[in-house]
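Mapped onto my numbering, the consecutive letters of the sequence shown carry residue numbers 195 to 490. In this text, a Cβ means the ideal position worked out from N, Cα and C, and glycines have one as well. In what follows, a single structure is set out as structure tokens and then discussed.
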Amino acid sequence: MRELPAALAAHLANGATTLCTCWRIIRRDGEELCFTDHDRDIAFDMLTFSAATGVEGASSEASLGLAASGSEIAGALMAESLTEADLLEGLYDGARIEIWRVNWADPVQRILLDAASFGEVRRTGDSFAVELRSISALFDQEAGRIYQHACQAELGDARCGVDMNDASHSQTVAISSCADKTIVTFGAAPFADGALNGGRLEVLDGVHAGSVRAIESHRNEDGANWLRLWRPLAGDLPTGTQVRVSVGCDKSFSTCRDVFTNTARFRGFPHMPGNDALLAHASGSSAAMNGGSLFR
195 MRELPAALAA HLANGATTLC TCWRIIRRDG EELCFTDHDR DIAFDMLTFS
245 AATGVEGASS EASLGLAASG SEIAGALMAE SLTEADLLEG LYDGARIEIW
295 RVNWADPVQR ILLDAASFGE VRRTGDSFAV ELRSISALFD QEAGRIYQHA
345 CQAELGDARC GVDMNDASHS QTVAISSCAD KTIVTFGAAP FADGALNGGR
395 LEVLDGVHAG SVRAIESHRN EDGANWLRLW RPLAGDLPTG TQVRVSVGCD
445 KSFSTCRDVF TNTARFRGFP HMPGNDALLA HASGSSAAMN GGSLFR
């Protein structure tokens, strides 16, 4: 059982309390944001927790053992702190959060209630709600390699080894148009129809420089390349914006062999027997069922 600091325990025993909740958010890029549901700013540990942000806590649960507990915070999107553009850019994906219960009349009296990470983020108009996942949720994540047909490496990473700087794999192009923040077009480039399916687009200049989006689909039409992005950009890209587009990989053994000539570094199990092989039975008329390899 958690022990409360003596001063805070004495304050709670009085019956009339002056408590509030404080949240400290640490984004993936290292930026820190601090909020409180009190009506005045609160300072401790050389941090200032801002009031009047519209941030508030929702219901939470906790249990003994390793079962994952969950809670939620909600608030308003604000230009000087939590912005819709930052949420769209994924800066809060996997962000860490500390939740404190503090005596606002004497912030020295406080206790860390929980340390969690951001889960699903929901946006409605000018407000947001974030699912908080406890540290126990890490036990629900798969770890290690998985025995499966498909490759587990990401195209171009250290395990894959494909050189993504090769001109046949990526190109820097100028945007011709951008519609609804998800449809991007550019002129002729040495990519076959569909080659960019599952690839990525990285913005190189302008106000959205650094934004990266996965490509859902790619087609060539009337001398132009049309891309549909999985997630919308934070804003439309002006004509002429420089972006880098890279091909995708469906993680199949045939693509690794025929497109990238990289079978020696394939990180899957392409010859793993499937259900058909497990259910098949030997037959005297079947030359394949002789106890030898099915792939030689």
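Practice task
Within its chain, find whatever has a CB closer than 6 Å to the CB of threonine 379; leave out the 5 residues flanking it on each side and keep chain order.
Solution key: Ser370, Ser371, Ala418, Trp420
Problem - For threonine 230: DSSP bridge partner residues - result: Cys216
Handout entry: Terminal residues of the beta strand (DSSP E) in which leucine 307 lies
Key = For leucine 307, the enclosing beta strand (DSSP E) begins and ends at 304 to 318.
Handout entry: Residues that arginine 196 bridges to, as DSSP identifies them
Key = DSSP output for arginine 196 lists no bridge partner at all.
Exercise for the section: Could you have a look at phenylalanine 333 and say whether DSSP puts it in helix, strand or coil? Expected result: helix
Handout entry: Separation of leucine 395 from alanine 408, as counted between CA atoms
Key = 6 Å
Exercise for the section: Enumerate in chain order the residues of its own chain whose CB-to-CB distance from leucine 258 is below 6 Å, with the five nearest sequence positions on each side excluded. Expected result: Residue placement at leucine 258 is flagged as unreliable, the pLDDT there being 44, under the threshold of 50; a coordinate-derived value is accordingly withheld.
Problem - Alpha-carbon spacing of glycine 434 relative to alanine 368, whole angstroms - result: 5 Å
Exercise for the section: For the beta strand (DSSP E) containing alanine 373, list its first residue and its last residue. Expected result: 364 to 373
Exercise for the section: Label leucine 260 either buried or exposed according to how many other C-beta atoms from any shown protein chain fall within 10 Å of its C-beta, with 16 as the threshold for buried. Expected result: Note that leucine 260 scores a pLDDT of 46, beneath 50, so its modelled location is shaky and nothing firm can be said.
Exercise for the section: Would you tell me roughly how many angstroms separate the C-alpha atoms of phenylalanine 463 and phenylalanine 454, rounded to the nearest one? Expected result: Our two residues, phenylalanine 463 and phenylalanine 454, have alpha carbons roughly 17 Å apart in a direct line.
Practice task
Check whether the Cβ atoms of valine 324 and isoleucine 236 lie closer than 8 Å to each other.
Solution key: no
Practice task
Could you check the C-alpha separation between alanine 383 and glutamate 278 for me, to the nearest Å?
Solution key: 33 Å
Problem - Minimum C-alpha distance to aspartate 387 - residue among Glu314, Gln436, Asp416, Lys375 - result: Asp416
Handout entry: Candidates Ile219, Ile377, Leu285, Glu336, of which the one nearest proline 426 by Cα
Key = Ile377
Handout entry: Closest Cα partner of leucine 390 within the set Arg339, Val439, Cys354
Key = Val439
Handout entry: Extent of the continuous beta strand (DSSP E) run through threonine 379
Key = 377 to 380
Problem - C-alpha distance - aspartate 287 paired with alanine 347, whole-angstrom precision - result: 21 Å
Problem - Chain-order list of residues whose beta-carbon lies under 7 Å from that of histidine 205 (same chain, five-residue window excluded) - result: Thr211, Asn297, Gln303
Problem - Segment limits, alpha helix (DSSP H) that includes phenylalanine 447 - result: If you look at phenylalanine 447, you'll find it in the alpha helix (DSSP H) that goes 447 to 452.
Practice task
Name the two residues that bound the continuous beta strand (DSSP E) containing glutamate 410.
Solution key: 406 to 415
Handout entry: aspartate 374 versus leucine 202 - alpha carbon distance
Key = 52 Å
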